[in-house]
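A short write-up of the structure that comes next.
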Amino acid sequence: TQTVSQSDAHVTVFEGDSVELRCNYSYGGSIYLSWYIQHHGHGLQFLLKYYSGNPVVQGVNGFEAEFSKSDSSFHLRKASVHWSDSAVYFCAVSATSNTNKVVFGTGTRLQVLP
Amino acid sequence: AQTIHQWPVAEIKAVGSPLSLGCTIKGKSSPNLYWYWQATGGTLQQLFYSITVGQVESVVQLNLSASRPKDDQFILSTEKLLLSHSGFYLCAWSSDWGQDTQYFGPGTRLLVL
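Those protein sequences? They're chains A and B, same order as listed.
Reminder that position 21 of the first sequence reads as 7 in my numbering, one-by-one numbering, no gaps.
Positions in the second sequence are counted from 1; adding 455 to them yields my numbering.
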């Protein structure tokens, strides 16, 4: 079964800083990887996903993520954060053999200070 | 454009009472539908998914059940609530092919006392 871990529960940066949110997965087969954002009290919004091809994928609002098979990672990055990026970010994984079963990480709360 | 609506927005219920949460998707035919539960400050736990009317697959039951009575409707229910059912319930949909993005509803917040 697939698993996903987000090692940082909280990350605090200043506006304009770059940020990397870490995601590591474990699964022996082919997978889909995604990142979602959740603002307080709201549902999740899709940021980006990876299945194959270019390991660097671009998402909405300047976010990008890089897949690394050797590191079993799919870290999310942004070059210059804005205060509105403050939210909880979830990494998610599903096996291509059953894409309806999705496993989410524990989330990373990003706080952007002015 | 597709829209997803969840009802109610929030509920306060007593332990042992019944519960029914609803989710409706408009503007999308034959969607895949999903129920998730999120403990306060916690991660999402997928509960059920459905790829067609009348068919529901259980991932983790947590003493809950789900039904899909119509193509655009997904219902989560239980006859007896537990304290552990408190949390945030999210419904999501995706297209019925491959692994498509999941689109989430606004959620229902449930407090069981």
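We treat Cβ as the ideally placed atom computed from N, Cα and C, and that holds for glycine.
Query - In DSSP terms, what N10(A) is bridged to - result: Here the question's residue 10(A) lines up with position 24 in the first sequence. S(-9)(A), S59(A).
Query raised in the report: Taking Cβ positions only, does N86(A) come closer than 9 Å to chain B?
Result: Within the first sequence, residue 86(A) is the residue found at index 100, counting from 1. Output row for N86(A): interface = yes.
Query raised in the report: Comparing alpha-carbon positions, which option in L33(A), V79(A), Y75(A) lies nearest A(-5)(A)?
Result: Mapped onto the first sequence, residue -5(A) falls at position 9. Residue Y75(A) is the option with its Cα nearest to A(-5)(A).
Query raised in the report: With a CB to CB cut of under 6 Å and the five nearest residues on each side skipped, what residues in its chain are close to V5(A)?
Result: Reading the first sequence from its first residue, position 19 is the one you call residue 5(A). Counting only Cβ-Cβ distances below 6 Å, and skipping sequence neighbours, we find V(-1), K64, V67.
Report task. Could you spell out the range, first to last residue, of the beta strand (DSSP E) harbouring G477(B)? Result -> As a working mapping, residue 477(B) is identified with position 22 in the second sequence. Under the DSSP assignment, G477(B) falls in the beta strand (DSSP E) whose first and last residues are 474 to 481.
Requested in this report: Pick out whichever of L502(B), G477(B), T556(B) has its Cα sitting closest to the Cα of P524(B).
Outcome: In the second sequence, residue 524(B) corresponds to position 69, counting from 1. When each option's Cα is compared against that of P524(B), the closest is G477(B).
Query raised in the report: Would you report the Cα separation of S12(A) and L531(B), rounded to the nearest angstrom?
Result: To locate residue 12(A), count along the first sequence from 1; it is residue 26. To locate residue 531(B), count along the second sequence from 1; it is residue 76. Going from the Cα of S12(A) to the Cα of L531(B) covers about 30 Å.
Requested in this report: Please name the residue, chosen from G14(A), G2(A), S(-7)(A), A51(A), that lies closest to Y36(A) on a Cα-to-Cα basis.
Outcome: Translated into positions along the first sequence, residue 36(A) becomes position 50. Looking only at G14(A), G2(A), S(-7)(A), A51(A), the smallest Cα-Cα distance to Y36(A) is reached by A51(A).
Requested in this report: Please classify N487(B): is it buried, with 16 or more other beta-carbons within 10 angstroms of its beta-carbon, or exposed?
Outcome: Translated into the one-based positions of the second sequence, residue 487(B) becomes position 32. N487(B) is buried by the Cβ-count criterion.
Query raised in the report: Going by the beta-carbon positions, is the gap between L62(A) and F49(A) smaller than 9 Å?
Result: Here the question's residue 62(A) lines up with position 76 in the first sequence. Here the question's residue 49(A) lines up with position 63 in the first sequence. A contact, by the Cβ cut-off of 9 Å.
**Report entry** According to DSSP, residues forming a beta bridge with E50(A)
**Finding:** Indexing the first sequence from 1 puts residue 50(A) at position 64. As DSSP reads the structure, E50(A) sits in a beta bridge with Q44(A), R63(A).
Query raised in the report: Under three-state DSSP, which class holds S80(A)?
Result: Position 94 of the first sequence holds residue 80(A). Three-state DSSP puts S80(A) in a strand.
Query raised in the report: Can the beta-carbon of Q500(B) be found less than 9 Å from the beta-carbon of A494(B)?
Result: Numbered from its first residue, the second sequence carries residue 500(B) at position 45. Numbered from its first residue, the second sequence carries residue 494(B) at position 39. Going by C-beta atoms, Q500(B) is nearer than 9 Å to A494(B).
Requested in this report: For V42(A), I'd like the list of residues in its chain whose CB is within less than 7 Å of its CB, leaving aside the five on either flank, ordered along the chain.
Outcome: What you label residue 42(A) is simply residue 56 of the first sequence in a count that begins at 1. Residues of the same chain with a CB within less than 7 Å of the CB of V42(A), apart from the 5 flanking positions on each side, are E50, E52 in chain order.
Query raised in the report: Of all the options S475(B), W462(B), Y489(B), H540(B), which has the alpha carbon lying nearest to the alpha carbon of T510(B)?
Result: Numbered from 1 along the second sequence, position 55 holds the residue referred to as residue 510(B). Checking the sequence, you will find Gln at residue 510(B) rather than Thr. Among S475(B), W462(B), Y489(B), H540(B), the Cα nearest to that of Q510(B) is on Y489(B).
Query raised in the report: Nearest CA to the CA of S550(B): which residue from I480(B), G562(B), T563(B)?
Result: For the purposes of this step, residue 550(B) is taken as residue 95 along the second sequence, with counting starting at 1. In terms of Cα proximity to S550(B), the closest of I480(B), G562(B), T563(B) is I480(B).
Report task. Can you say whether S484(B) is buried or exposed, counting buried as having 16 or more other CB atoms within 10 angstroms of its CB? Result -> As a working mapping, residue 484(B) is identified with position 29 in the second sequence. Around the CB of S484(B), fewer than 16 other CB atoms lie within 10 Å, so the residue is classed as exposed.
Report task. Look at V79(A) and I17(A) and say whether their C-beta atoms are less than 9 Å apart. Result -> Within the first sequence, numbered from 1, the residue matching residue 79(A) stands at position 93. Within the first sequence, numbered from 1, the residue matching residue 17(A) stands at position 31. Yes, the Cβ-Cβ distance between V79(A) and I17(A) is below 9 Å.
Requested in this report: Tell me whether H25(A) sits in a helix, a strand or coil according to DSSP, three-state version.
Outcome: As a first step, residue 25(A) is located in the first sequence; it is residue number 39 there, counting from the start. Three-state DSSP puts H25(A) in coil, outside helix and strand.
Query - Where K55(A) meets chain B, residues with beta-carbon distance less than 7 Å - result: Residue mapping note: residue 55(A) aligns to position 69 of the first sequence, counting from 1. Against K55(A), chain B offers no close residue; the least beta-carbon distance is about 18 Å (beta-carbon pairs closer than 7 Å).
Report task. Could you check how far apart the C-beta atoms of L537(B) and V567(B) are, in whole angstroms? I think they sit under 8 Å. Result -> What you label residue 537(B) is simply residue 82 of the second sequence in a count that begins at 1. What you label residue 567(B) is simply residue 112 of the second sequence in a count that begins at 1. Between V567(B) and L537(B) the Cβ distance is about 7 Å, and since that is below 8 Å, they are a contact.
Query raised in the report: Within 9 Å (strictly less), CB to CB, does V511(B) reach chain A?
Result: The residue labelled residue 511(B) in the question sits at position 56 within the second sequence. No, V511(B) lies away from the interface with chain A (no Cβ there is under 9 Å from its Cβ).
Query raised in the report: chain B partners of T92(A), CB-CB under 8 Å?
Result: Taking the first residue of the first sequence as position 1, residue 92(A) is located at position 106. G497, T498, listed in chain order.
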